[in-house]
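Counting in numbering that gives the first Met the number 0, the sequence shown runs from 0 upward without gaps. Using N, Cα and C, we set each Cβ at its ideal position, and we do this for glycine too. First up is the structure itself, then whatever we jot down about it.
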Amino acid sequence: MELSIDRLTKQYQNKIAVDRISLRLNTGIYGLLGANGAGKTTLMRMVCGILKPTSGTITFDGIDVSEERYRSMLGYLPQDFGYYPEFTGEDFLLYMAALKGMRKPQARRKTVELLKLVSLHDVAKKKIKTYSGGMKQRLGIAQALLNQPKILVLDEPTAGLDPKERVRFRDLIKDLGKDSIVLLSTHIVSDIEHIADDILMMKSGQLIYQGKWTDKSGNLEEFYLKQFEEIE
Ligand SMILES: Nc1ncnc2c1ncn2[C@@H]1O[C@H](COP(=O)(O)OP(=O)(O)O)[C@@H](O)[C@H]1O
Ligand SMILES: [Mg+2]
0 MELSIDRLTK QYQNKIAVDR ISLRLNTGIY GLLGANGAGK TTLMRMVCGI LKPTSGTITF
60 DGIDVSEERY RSMLGYLPQD FGYYPEFTGE DFLLYMAALK GMRKPQARRK TVELLKLVSL
120 HDVAKKKIKT YSGGMKQRLG IAQALLNQPK ILVLDEPTAG LDPKERVRFR DLIKDLGKDS
180 IVLLSTHIVS DIEHIADDIL MMKSGQLIYQ GKWTDKSGNL EEFYLKQFEE IE
């Protein structure tokens, strides 16, 4: 399993949001770190095939992102995910399953299974407007998992979560990297420090660090902050 990104670039009018990024991703959790405006969302939207690159390519085992086959293997939690406040968690998953073209019996089975996985089965019949931020994010992850994706893209899934919810989120994500490629963006080092197999760091559209991070490598937070000091 390999997601291959080759010299990927996105230019908006006079702004280069993603600047010649090349990457090879295999199974595991990839933590994409970068400050606001670094280009994380732009990169992820291109990986999901929703935004057309200015140049460069993205393929998964030889399949281009623009192909329907690729979309069927993808799970995506956008940064500003629109939940339907009047829906219950269960209704929402069934609705998303229908949008993804799943048959009803399979959708029902998967909905029950995923509500358990994200620990929302107790509130499955409660309206989303009664959910906490962490509960909404877990529901967002559940919808991204409906089609058993080989590539899971989570754009700032921990934004707005309290410390307790963050820990819960980490526990949930940990296992997902075993047989899929998980790409998770954040600007908070501690979100990914202990769960990411690989760290990707973006600054001004460019990939400035890529590699494993082990305790031996020192303090990730310190390293991350240093990258920003150098430009000042
Ligand atoms: N649709 C757009 N038109 C023009 N500029 C954009 C657009 N989307 C993003 N940008 C710019 O591209 C840069 C990267 O944005 P983004 O990918 O959202 O970064 P991040 O997700 O890391 O915060 C920012 O400078 C942002 O203002
Ligand atoms: Mg973003």
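- Taking 4 residues as the shortest admissible run, the stretch 121-195 contains the following complete alpha helix (DSSP H) segments, listed from N- to C-terminal end: 132-143, 162-173, 188-192.
- Ligand 1 has no heavy atom closer than 8 Å to the beta-carbon of Gln-226.
- DSSP links Leu-7 through a beta bridge to Ile-20.
- The continuous alpha helix (DSSP H) containing Thr-40 extends over residues 39-46.
- Sorting Glu-155, Lys-9, Glu-192, Ile-172 by C-alpha distance to the C-alpha of Leu-144 places Ile-172 at the top.
- Shown here for Leu-138: same chain residues with a beta carbon closer than 8 Å to its own, the five before and five after excluded, namely Tyr-82, Gly-88, Phe-91, Leu-92, Val-117, Leu-119, Ile-127, Tyr-130 in chain order.
- In the three-state DSSP reduction, Lys-51 falls in the coil class, being neither helix nor strand.
- Note that the C-beta distance between Met-0 and Asn-25 is below 9 Å.
- Distance between Pro-148 and Met-101, taken at the CA atoms: about 13 Å.
- Taken through DSSP and simplified to helix, strand or coil, Thr-110 comes out as helix.
- In this structure Trp-212 touches Leu-219 by the C-beta definition: roughly 6 Å separates them, less than 8 Å.
- Ranked by how close their Cα comes to the Cα of Val-188, the residues Ile-57, Leu-224, Gly-74, Lys-135 have Leu-224 in first place.
- Around the beta carbon of Phe-59, 16 or more other beta carbons sit within 10 angstroms, so the residue counts as buried.
- Residue pairing of Phe-59 in beta bridges, as defined by DSSP: Leu-2, Ile-62.
- The closest CA to that of Asn-35, considering only Gln-226, Met-201, Phe-222, Met-72, is found on Met-201.
- By the beta-carbon neighbour count (other beta carbons within 10 angstroms, threshold 16), Val-64 is buried.
- Short of 7 Å from the beta carbon of Arg-70, and not among the five residues preceding or following it, lie these beta carbons of its own chain, in chain order: Gly-48.
- Note on geometry: alpha-carbon atoms of Lys-115 and Thr-53 lie some 41 Å from one another.
- Counting every other CB atom within 10 Å of its CB across the protein chains shown gives Gln-105 a total below 16, marking it as exposed.
- For Gln-78, the CB falls within less than 8 Å of some heavy atom of ligand 2.
- Three or more Cβ pairs closer than 8 Å define a contact, and the stretch 3-22 falls short of that threshold against the stretch 161-181.
- Assigned with DSSP and collapsed to three states, Gly-30 falls in strand.
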